[in-house]
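S.K.: Just passing along the structure, written as structure tokens.
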Amino acid sequence: MTLSYDKQGHAYIHLPYNPNLDHTMGGIHGGAIATLLDNAGWFAAAAQIEGVWIATSEFKIHLLYPVRESELHAEGWVVKSGKRISIAEMRVSASDGELVAIGTGTYVTIEGVLPRENAP
Numbered sequence: 144m145t146l147s148y149d150k151q152g153h154a155y156i157h158l159p160y161n162p163n164l165d166h167t168m169g170g171i172h173g174g175a176i177a178t179l180l181d182n183a184g185w186f187a188a189a190a191q192i193e194g195v196w197i198a199t200s201e202f203k204i205h206l207l208y209p210v211r212e213s214e215l216h217a218e219g220w221v222v223k224s225g226k227r228i229s230i231a232e233m234r235v236s237a238s239d240g241e242l243v244a245i246g247t248g249t250y251v252t253i254e255g256v257l258p259r260e261n262a263p
């Protein structure tokens, strides 16, 4: 996966197709798509809060369409950032541009836990 940001602070994650992420019917497993959604929201929220750790408190996903043998592109952006909680929206699209999933996430600041010095 690769991570990038735009000037507005949106997080973008690109996942090349990997057949190891397919379910038994040949489509990309919903768990892989859910992970992309959560990561896109988390990285968007984390980029706005420096010096503290945040964790996913909850997230909701809607898997809209099945997808097969495709790169996946996730985008996450913060819609509300507070001192303790940030809310993000996320989406995942296939390489042909079809929207395959959307989600919302809540990310909470964890007191007393600092990021590792060499964290990616």
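In this text, residue positions in the sequence shown follow the numbering used here: the first is 144, and each later residue adds one.
Note that CB positions come from ideal geometry on N, CA and C, so glycine has one too.
In whole angstroms, give me the CA-to-CA distance for residue 162 and residue 176.
M.R.: Within the sequence shown, numbered from 1, the residue matching residue 162 stands at position 19. Within the sequence shown, numbered from 1, the residue matching residue 176 stands at position 33. Using only the alpha carbons, I get a separation of about 13 Å.
S.K.: Please name the residue, chosen from 193, 252 and 225, that lies closest to residue 199 on a Cα-to-Cα basis.
M.R.: Stepping through the sequence shown from its first residue, residue 199 is reached at position 56. Here the closest residue by C-alpha is 252.
S.K.: Pick helix, strand or coil for residue 165, following the three-state DSSP scheme.
M.R.: In the sequence shown, the residue the question calls residue 165 occupies position 22. It is a strand residue.
S.K.: What residue does the beta strand (DSSP E) around residue 204 start on, and which one ends it?
M.R.: For the purposes of this step, residue 204 is identified with residue 61 of the sequence shown, where counting begins at 1. First-last of the beta strand (DSSP E) with residue 204: 196-206.
S.K.: Please confirm whether residue 152 and residue 196 have their CB atoms less than 8 Å apart.
M.R.: Along the sequence shown, one-based indexing puts residue 152 at 9. Along the sequence shown, one-based indexing puts residue 196 at 53. Result no, Cβ atoms of residue 152 and residue 196 do not sit closer than 8 Å.
S.K.: Terminal residues of the continuous beta strand (DSSP E) containing residue 173?
M.R.: Position 30 of the sequence shown, counted from the start, is the residue given in the question as residue 173. Unbroken run through residue 173 is the alpha helix (DSSP H), 173-189; no beta strand (DSSP E).
S.K.: Quick check on residue 149: buried or exposed, where buried means 16 or more other Cβ atoms within 10 Å of its Cβ?
M.R.: Locating residue 149 in the sequence shown gives position 6, where the first residue counts as 1. Residue 149 is exposed by the Cβ-count criterion.
S.K.: Provide the residue span of the beta strand (DSSP E) that contains residue 234, from first to last.
M.R.: As a first step, residue 234 is located in the sequence shown; it is residue number 91 there, counting from the start. Taken as a continuous stretch (DSSP letters only), the beta strand (DSSP E) holding residue 234 covers 228-237.
S.K.: May I ask you to report which of helix, strand or coil DSSP gives residue 223?
M.R.: As a position in the sequence shown, residue 223 is number 80, starting the count at 1. Here residue 223 sits in strand by DSSP.
S.K.: In angstroms with no decimal places, state the Cα-to-Cα distance between residue 204 and residue 246.
M.R.: Against the sequence shown, residue 204 aligns to sequence position 61. Against the sequence shown, residue 246 aligns to sequence position 103. In a straight line, the C-alpha of residue 204 is about 4 Å away from that of residue 246.
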